[in-house]
Amino acid sequence: MINGNLKATYAADEKIVDNRYKFSFVWGLAVLAALLPIFANDYVILVACQVGIMVVAVVGLNVLTGYTGLMSLGHAAFVAIGAYGVTILHHAATALSIPEGIQPFLTIPGAMALAAVIGLVVGLPSLRVKGVYLAVATLSANFIIIFLIELDALAPWTGGKTGLTTVDPSIFGWVLDTQREVFILIAVMAFATVLLVQNLFRTRVGRAFIAIRERDYSAEILGISLLRYKLTSFAISAACCGLAGALMAYFYARVLPEQFELLLSLQLVAALIVGGMGRTMGPVFGVLVIVLSPELLKVILSAIAGDSIEAAQFRAPLQEIIFGLLIIGFIMFEPLGMTQISDRVFRAINRWPFARG
Amino acid sequence: MTKFNMTRRSVLAGAAAGTATLGMPAYLRAMSGEFIIGASLPLTGPFATAGQLIAPAFSLYEKIINDEGGIAGTKIKFSTEDSGYVPQNALANYQRLLASEGDKVVAYYGDSTGFMKLVGPELKGDQARMMTSTSFATELANPETHPYQFMSGPTYEDQFNILLQDIAAKGGKTVAFVHSNTEFGTDPIKAGQAKAAELGLEVVLVESTKPQGADIPTHVTKIAQANPDYCILQGYVTGVWPQLIGGARQFGLATKFMGTFWGMEKLIADRVTAEAGPFLEGYQGVMPYRYSYDTENAPRLQQIAAISKVALAGTPLENYFPTWGIQAFASLDILTIALRRNAEMGKAPTADNLAAALATIKDVDLGGYFGTNISVENNKVGTGRVYQYSAESRLFTPTSDWLTV
Chain A
7 MINGNLKATY
17 AADEKIVDNR
27 YKFSFVWGLA
37 VLAALLPIFA
47 NDYVILVACQ
57 VGIMVVAVVG
67 LNVLTGYTGL
77 MSLGHAAFVA
87 IGAYGVTILH
97 HAATALSIPE
107 GIQPFLTIPG
117 AMALAAVIGL
127 VVGLPSLRVK
137 GVYLAVATLS
147 ANFIIIFLIE
157 LDALAPWTGG
167 KTGLTTVDPS
177 IFGWVLDTQR
187 EVFILIAVMA
197 FATVLLVQNL
207 FRTRVGRAFI
217 AIRERDYSAE
227 ILGISLLRYK
237 LTSFAISAAC
247 CGLAGALMAY
257 FYARVLPEQF
267 ELLLSLQLVA
277 ALIVGGMGRT
287 MGPVFGVLVI
297 VLSPELLKVI
307 LSAIAGDSIE
317 AAQFRAPLQE
327 IIFGLLIIGF
337 IMFEPLGMTQ
347 ISDRVFRAIN
357 RWPFARG
Chain B
10 MTKFNMTRRS
20 VLAGAAAGTA
30 TLGMPAYLRA
40 MSGEFIIGAS
50 LPLTGPFATA
60 GQLIAPAFSL
70 YEKIINDEGG
80 IAGTKIKFST
90 EDSGYVPQNA
100 LANYQRLLAS
110 EGDKVVAYYG
120 DSTGFMKLVG
130 PELKGDQARM
140 MTSTSFATEL
150 ANPETHPYQF
160 MSGPTYEDQF
170 NILLQDIAAK
180 GGKTVAFVHS
190 NTEFGTDPIK
200 AGQAKAAELG
210 LEVVLVESTK
220 PQGADIPTHV
230 TKIAQANPDY
240 CILQGYVTGV
250 WPQLIGGARQ
260 FGLATKFMGT
270 FWGMEKLIAD
280 RVTAEAGPFL
290 EGYQGVMPYR
300 YSYDTENAPR
310 LQQIAAISKV
320 ALAGTPLENY
330 FPTWGIQAFA
340 SLDILTIALR
350 RNAEMGKAPT
360 ADNLAAALAT
370 IKDVDLGGYF
380 GTNISVENNK
390 VGTGRVYQYS
400 AESRLFTPTS
410 DWLTV
């Protein structure tokens with residue numbers, strides 16, 4: 007009977023995808039993403055881009071909440087910093103006569119760095135408070151950032167309440183001016199982010215985060231500086247969200263303050279919980295559920311009830327209720343999220359026919 | 010095993026069929042079925058009340074036009090989705106509809122300024138469709154930047170302009186602007202200040218409030234300190250504006266309050282009067298359209314009243330159709346004129362052609378929504394007049410002539 011994966015070499019032990027089913031799943035997803043721009047219609051591309059952007063942001067939240075154990079309800083603020091930051095930096099780069107073709111190589115890291123710096127500031131309360139208290143502290147960051155973006159005094163840069171028209175990025179002269187082209191950038195960035203963050207937890211820094219999550223006093227006694235690592239976690243997490251924001255700015259033709267309000271922060275947390283906290287694939291599965299289920303519900307309920315106006319009036323609240331029940335169901339019946347379900351499935355097929363579950 | 014035989018004849022026949030399908034102009038393919046008009050409405054979320062009240066307008070309009078024989082012989086069909094008042098959701102709805110229905114979709118009805126701005130730059134090539142919406146945002150009334158988006162009334166700046174002209178004509182000297190701290194609220198404030206200065210009115214207070222759950226006593230105190238002759242309220246839908254007026258009346262202020270389109274709904278004013286008393290007596294505001302009960306010389310409103318009496322029997326809309334729905338009707342009628350003119354010219358219903366047809370709408374009688382003939386200039390209809398609410402009759406009645414700005 008197979009009761010584990012035999013690892014005969016150190017190289018096998020270090021593998022990220024440690025069995026062939028996982029290998030085919032991960033590379034299958036990558037191939038699917040690569041084929042989408044060729045075959046998918048505009049709507050599928052739109053949804054796929056939304057998934058990609060959300061994955062990057064939720065991976066960021068996972069670093070903080072899933073791996074370091076620090077709760078945040080304000081991550082939409084970092085997404086906003088990324089989106090506004092990248093647009094403002096593009097304008098600044100143009101003013102400085104920096105060639106358009108290399109601008110994204112400066113503006114994307116710039117926006118991420120800006121989000122990371124703001125993340126450090128927002129993370130300061132985490133040194134004194136945790137749990138729901140920290141959640142409330144971060145929540146206020148969301149409101150403060152949106153307030154600042156809407157402030158009349160900053161409106162010449164942020165566009166105030168009317169928002170900013172974004173820039174089509176040009177990569178060495180290749181202008182990504184269609185959603186299909188931006189999808190390629192989003193897919194590459196999402197894949198890279200998942201991979202890099204997965205690897206972060208194979209390093210000393212990542213292990214320090216996990217130690218803090220398990221018991222911060224013990225971690226400190228072991229010599230882990232809480233000040234340093236909690237703030238590092240906030241900075242990395244915010245930088246990922248900044249990247250998501252930058253991609254969002256490239257994807258949508260306009261950024262508006264209302265895109266980054268509390269609803270987005272809650273969606274990020276919900277996606278993480280549904281997907282599975284502190285797991286590599288958690289953000290991916292969670293985002294797929296959170297973004298795709300409302301869309302699928304729309305399609306299914308339209309097929310059942312029709313697309314008349316009366317049906318839409320009936321369907322709209324029903325969709326919300328079913329979506330709510332779905333989230334409650336996940337939390338009640340699988341609190342470890344979709345990753346746990348996928349683990350069981352992969353374990354079962356890996357050991358078949360000897361064992362199940 | 011069957012062998013696939015590819016002969017010269019089958020290739021030619023296939024190529025001919027393919028060319029016939031692909032080569033057929035898009036508008037002919039669309040004409041062969043129906044015109045689909047998509048819509049996103051906030052059927053859930055903070056503005057669900059407005060969305061639910063607008064929704065019946067679409068089914069009634071569909072019935073009216075199809076009973077008339079459609080638009081140039083083509084029937085219309087609405088495809089409505091909920092947006093929850095989230096611009097990205099409305100954008101997803103729009104793109105989902107384009108992906109599933111393609112060229113059949115000739116126009117779209119948006120649910121917010123946010124959506125119109127978000128979708129604006131996306132409207133290019135085969136993604137472009139003619140659009141109208143619930144929004145009167147000034148920024149949208151610009152054919153240069155938003156060529157495919159129009160509104161069937163005056164912009165918020167125009168509405169302020171009409172109110173300020175009315176105040177000046179009535180001998181007012183001082184005015185206050187109280188607005189929600191949203192884009193909707195701040196839209197006409199700067200232009201309003203300039204217009205007031207031009208008309209010799211002194212703006213004694215510009216006060217920003219929350220769009221919902223505002224701190225009423227503080228704002229009322231500020232209004233009392235400024236003590237203006239008139240106070241214009243902007244950027245509210247169902248809440249805040251009645252409470253502000255109620256607070257001012259309790260305070261004993263003589264200031265006359267005025268509102269713009271979204272603060273002029275009779276259903277809201279009636280509900281407030283029923284629940285809190287007659288303090289909205291004398292409340293005035295600008296309205297681009299006639300109210301649905303003002304059907305004299307308004308054949309379209311008579312038609313709407315007749316059809317809603319049957320189709321909406323037993324609902325609160327049986328005898329009164331909300332202004333928000335009238336706005337949808339007026340916008341759709343303008344769109345229908347553009348579609349008809351375009352079809353008469355034998356052109357495909359593309360966004361570019363419809364935008365050109367829209368620009369030809371000059372001095373047209375729209376059926377009585379407006380008390381005057383209207384023109385679409387700069388993708389808007391800059392016409393409106395001032396109405397006043399009576400708590401006793403529970404009606405808004407006109408106090409000015411129709412003004413076009």
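Line by line, the protein sequences give chains A and B. If you're matching positions, the first sequence starts at 7 in the numbering used here and goes up one per residue. If you're matching positions, the second sequence starts at 10 in the numbering used here and goes up one per residue. Glycine is no exception: its CB is placed at the ideal position from the N, C-alpha and C atoms.
9 Å or more divides the Cβ of Q221/B from the Cβ of P197/B. F288/B is not a Cβ neighbour of A314/B, given a cutoff of 9 Å. Take the alpha-carbon of I46/B and the one of V114/B: they are about 6 Å apart. For the C-beta of T195/B, the chain A residues within less than 7 Å are, from N- to C-terminus, K167. Neighbours of T171/A in chain B, taken as residues at a C-beta separation under 7 Å, are given in chain order as P130. Closer than 9 Å to the CB of G323/B there is not a single CB belonging to chain A.
Taking every protein chain shown into account, the CB of K13/A has fewer than 16 other CB atoms within 10 angstroms, so this residue is exposed. Contact fails between the region 266 to 274 of chain A and the region 156 to 172 of chain A, because fewer than three Cβ pairs, one in each stretch, are under 8 Å apart. Per DSSP, the continuous beta strand (DSSP E) segment holding L214/B begins and ends at 211 to 218. Around the beta carbon of L331/A, a 10 Å sphere encloses fewer than 16 other beta carbons of the protein chains shown; the residue is thus reported as exposed. Along the region 322 to 374 of chain B, the alpha helix (DSSP H) occurs as fully enclosed runs of 4 or more residues at 332 to 353, 360 to 367, listed in sequence order. One finds D48, Y49, L52 in chain A with Cβ atoms closer than 7 Å to the Cβ of Q104/B, taken in chain order. Counting along the chain, T89/B sits inside the beta strand (DSSP E) bounded by residues 84 to 91.
Rounded to the nearest angstrom, the gap between the Cα atoms of K275/B and N306/B is 21 Å. In this model, T269/B and G201/B are separated by some 13 Å (Cα to Cα). In the structure shown, H81/A falls within a coil segment according to DSSP collapsed to helix, strand and coil. Within the same chain, A82, N148, I152 come within 8 Å of E267/A by CB-CB distance, once the 5 residues on both sides are set aside. In the DSSP assignment, L50/B is bridged to D91/B.
The Cβ of P162/A sits no closer than 9 Å to any Cβ of chain B.
E166/B counts as buried, since no fewer than 16 other beta carbons sit within 10 angstroms of its beta carbon.
Between the alpha carbons of P65/B and N328/B lies a gap of roughly 13 Å. For the region 266 to 281 of chain A, the set of residues with a beta-carbon nearer than 9 Å to any beta-carbon of chain B comprises L269, in chain order. Contact with chain B is found for E264/A, since one of that chain's Cβ atoms lies less than 9 Å from the residue's Cβ. DSSP, read as helix, strand or coil, puts Q243/B in strand.
For the region 311 to 324 of chain A, the set of positions with a beta-carbon nearer than 8 Å to some beta-carbon of chain B reads D313, S314, I315, E316, A318, Q319, R321, A322, P323 in chain order.
S231/A counts as exposed, since fewer than 16 other C-beta atoms from the protein chains shown sit within 10 angstroms of its C-beta. A259/A belongs to the set of residues whose beta carbon lies under 9 Å from a beta carbon in chain B. When secondary structure is reduced to three states using DSSP, W33/A falls in the helix class. The region 138 to 146 of chain B makes contact with the region 359 to 374 of chain B: 3 or more CB pairs, one atom from each, lie closer than 8 Å. Note on the region 125 to 212 of chain A: there is no whole beta strand (DSSP E) run with a minimum of 3 residues. In this structure N68/A is in contact with L278/A, their Cβ atoms being roughly 6 Å apart against a cut-off of 8 Å. Counting along the chain, the unbroken alpha helix (DSSP H) around M254/A starts and ends at 232 to 257.
DSSP places K199/B in the uninterrupted alpha helix (DSSP H) bounded by 198 to 208. Listed as beta-bridge partners of E43/B by DSSP are K84/B. Apart from sequence neighbours up to five positions away, the residues of its chain that approach T172/A with a beta-carbon distance below 7 Å are T93, A255, Y256, Y258, A259, R260, V261, ordered along the chain.
When Cβ-Cβ separations below 9 Å define contact, F87/B makes contact with chain A.
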